Each structure stands twice: as C-alpha cells, then as structure tokens.
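I have placed the structure first, in the form of structure tokens, so that the comments after it can refer back to it.
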Amino acid sequence: MTAGLDRVHLWWADLTLAQSGLHSCVSSAESERASSYTSPADQGRSLLAAALLRAVTARALNRDPMSIQVDRECQDCGQPHGKPIIDGIHVSVSHAGLLIVVAAGPVPVGVDVERIADLTRSGYEGGVEQWCAAEARTKLGHSGTVTCQQVETPIAGYGACVAVARSRPARLVLHGVAASARALQEHCPC
Numbered sequence: 001m002t003a004g005l006d007r008v009h010l011w012w013a014d015l016t017l018a019q020s021g022l023h024s025c026v027s028s029a030e031s032e033r034a035s036s037y038t039s040p041a042d043q044g045r046s047l048l049a050a051a052l053l054r055a056v057t058a059r060a061l062n063r064d065p066m067s068i069q070v071d072r073e074c075q076d077c078g079q080p081h082g083k084p085i086i087d088g089i090h091v092s093v094s095h096a097g098l099l100i101v102v103a104a105g106p107v108p109v110g111v112d113v114e115r116i117a118d119l120t121r122s123g124y125e126g127g128v129e130q131w132c133a134a135e136a137r138t139k140l141g142h143s144g145t146v147t148c149q150q151v152e153t154p155i156a157g158y159g160a161c162v163a164v165a166r167s168r169p170a171r172l173v174l175h176g177v178a179a180s181a182r183a184l185q186e187h188c189p190c
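Read in my numbering, the sequence shown has 102 at position 102, and its numbers run on one by one without any break.
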C-alpha cells in the first residue's frame, strides 16, 4: 500500500473472482460464516470479501494473510458480524450484487456500495449517494468530524461512498478488479 497519512485504498472485486479454493485463504470462522448462507451468491460475496480483506491487509502490513487477526465482534450483541478490526490498519468492507469493496488506510474509514436497482425496488426515495453516505458513516463508527466522498464504481448501476474520520477528504487510491485479482493470487494462491 502506498505510504501516506491521507491515503485510503479502495480494492474492488467482482463476484467472478469467488472460488471454492478461497476457503483455504480465510479463517475457519470466516469459512463457516460464508458457508452458512443459503444463496451461492451470498456465499461467494462473504468468502471473497474475507479473502480480499486478508490479502489487502497482508500486503499493507507486510504479513502473512493467515497471521492477521480479524476481530468482527459486534459491539451491540457480541456476534461475529461487526465491522472488521485489524491491529495496525483501519478497514471497512461492503458488498452488493456483483461488487465487493475493501477500504484500508491509516485513519478510521467506512465504505458502502449499493446496487441502484435494489434501492429503487425497496421504495427508498432518496438518491443512492445519500444512502451510501449514511451507510458509510454508520460503518465508520465515529462520532467526530467525518468527510464523505462519492466513489465511481467499476460496474455501472452501482453507487459507492467512503467516509473518513477527518475534516477534509482523503486521497483515494483506487485498485480495480484486476489489481484485486493479483493481490488475491499473490497473498492467497489457492
């Protein structure tokens, strides 16, 4: 990851990168969580998000992906579905439809991606930008100064936003699907 206190890296993946071999690249808890979903698409999103999170943080921290401890304990109920916490780096994960995104940086960060069609079907009357900004702020989990930035997605029909605990926007470093595929291959060669 490029050094810099104002840089937040966004790693994009699409569901085509999900494969059963990724189970060996995640913890047993992450594998079980992915397998608990009934929909194959939900299983793929969960598994790919966990593997990409490990690959991205391994790259940033120069560590083995399996040595990284990912704490997902929900602060409200204690179940393992909360925002991921990793020592040495701030991260956030989101997925919708075909897209998965991992945000990583030196400042607290929240990220959200949504399919526009899903929001339209739900009856939500605000714009995708408003929804994603609210979700990213929630995922940030910070009550102080927050700056939200809209982000272009690698596939049309989606909206995304990053929230950072800063008074000014972060410098976003975007890593497309091909870069995420390389990171997965490098750090999780399944």
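The beta-carbon is built from N, C-alpha and C at its ideal position, and this holds for glycine as well. Remember, it's a predicted structure, so these values are computed and weren't measured experimentally.
Asked	Found
DSSP three-state assignment for D42, whether helix, strand or coil	helix
Closest Cα partner of S180 within the set R7, R59, V128, S39	R59
P154 beta carbon less than 7 Å from that of W11	no
Where S94 falls: helix, strand or coil (DSSP)	strand
Proximity below 7 Å, CB of A170 to CB of D6	yes
Inter-residue Cα distance where the pair is P202 and H90	Any answer about residue 202 is impossible in this case: the structure gives the chain only from 1 up to 190.
Residue span of the beta strand (DSSP E) that contains L172, given as start and end	171-175
Bounding residues of the beta strand (DSSP E) (the contiguous stretch that carries L99)	99-105
Rounded distance between the beta-carbons of C161 and Q149, thought under 8 Å	7 Å
Proximity below 7 Å, CB of A183 to CB of A49	no
Those runs of the alpha helix (DSSP H) which lie wholly inside the region 105-132 and span at least 4 residues	116-122
Beta-ladder partner(s) of P64, from DSSP	Reading the sequence as shown, one finds Asp at residue 64 and not Pro. None, per the DSSP bridge assignment.
Residue nearest to L98 in terms of C-alpha spacing, selected from T38, A104, E114	E114
For Q185, the three-state DSSP class (helix, strand or coil)	helix
DSSP beta-bridge partners of R7	R171
Own chain partners of A29 with C-beta closer than 7 Å, once the 5 adjacent residues on each side are dropped	P80
Alpha-carbon spacing of G110 relative to L53, whole angstroms	14 Å
Nearest-angstrom beta carbon gap, R45 and I100 [assumed within contact, 8 Å]	6 Å
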